[in-house]
Structure formats: C-alpha cells, structure tokens
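Scroll down for the structure; my scribbles are underneath it.
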Amino acid sequence: MVKVLFFARLRQQLGMGEITLEDFSGSLSELRKTLCERHPDWSPHLQRDDIRMALNQELAETGALVKTGDEVAFFPPVTGG
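Reminder that position 24 of the sequence shown reads as 24 in this note's numbering, one-by-one numbering, no gaps.
Pasting the structure below:
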C-alpha cells in the first residue's frame, strides 16, 4: 500500500487530500502517470512542471522508486511575501 497526499491548491483542484494505492511499485513518474490514467481529470493539475513531489517527507526526483509502505506527497510551489 502506498499513501498519496495532496497539499495546498491541489487538494481543492482534485477534490481530495489523500488516496491509497493498494498494489503499486515503480518510480514517482510512473506513480503520477498511474494517477492520471485512473483519474484523467487530474492530469492538467498533476502534470504541471511546477508540481513538486516528496517521498517519505523528503523532496525527491521523478526517478525515485516507490515501494509498499511509502508515503508520497504532491504539492505546488510555495510563494510568499
């Protein structure tokens, strides 16, 4: 099982803050592709170049491998003033 979290505006755009994938193994890039295939309306939001991903609470590159028990987070860039 892989726990996937969505933060900030992604939470509102996707209509949920968390989803669980029962039997996934692969890279972060493959996980994003899987989510977009299962939920085509999410694709415009998750495929943006400025969306960041974290694996087990650490920023990660798209090639990082996801395994059972991992937590993945998707979030937009943070801005402030």
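We put the beta carbon where it would ideally sit given N, CA and C, even for glycine.
Residue i: first and last residue of the uninterrupted alpha helix (DSSP H) it sits in
{"i": "residue 33", "result": "28 to 38"}
{"i": "residue 44", "result": "43 to 46"}
Residue environment, residue i, which counts as buried when at least 16 other CB atoms sit within 10 Å
{"i": "residue 53", "result": "buried"}
{"i": "residue 78", "result": "exposed"}
{"i": "residue 65", "result": "exposed"}
{"i": "residue 48", "result": "exposed"}
{"i": "residue 9", "result": "exposed"}
Three-state class that DSSP yields for residue i in the structure shown
{"i": "residue 11", "result": "helix"}
{"i": "residue 60", "result": "coil"}
{"i": "residue 16", "result": "coil"}
{"i": "residue 22", "result": "coil"}
{"i": "residue 78", "result": "coil"}
Run of the beta strand (DSSP E) containing residue i, from where it starts to where it stops
{"i": "residue 6", "result": "2 to 6"}
{"i": "residue 152", "result": "In the structure displayed, the chain extends from 1 to 81; residue 152 sits before or after that span and is not available."}
Cβ-Cβ separation, residue j to residue i (assumed contact under 8 Å), whole Å
{"i": "residue 4", "j": "residue 18", "result": "7 Å"}
{"i": "residue 68", "j": "residue 1", "result": "6 Å"}
Mind the definition here: the region 66 to 75 touches the region 20 to 40 only if three or more C-beta pairs lie below 8 Å; say whether that holds.
yes
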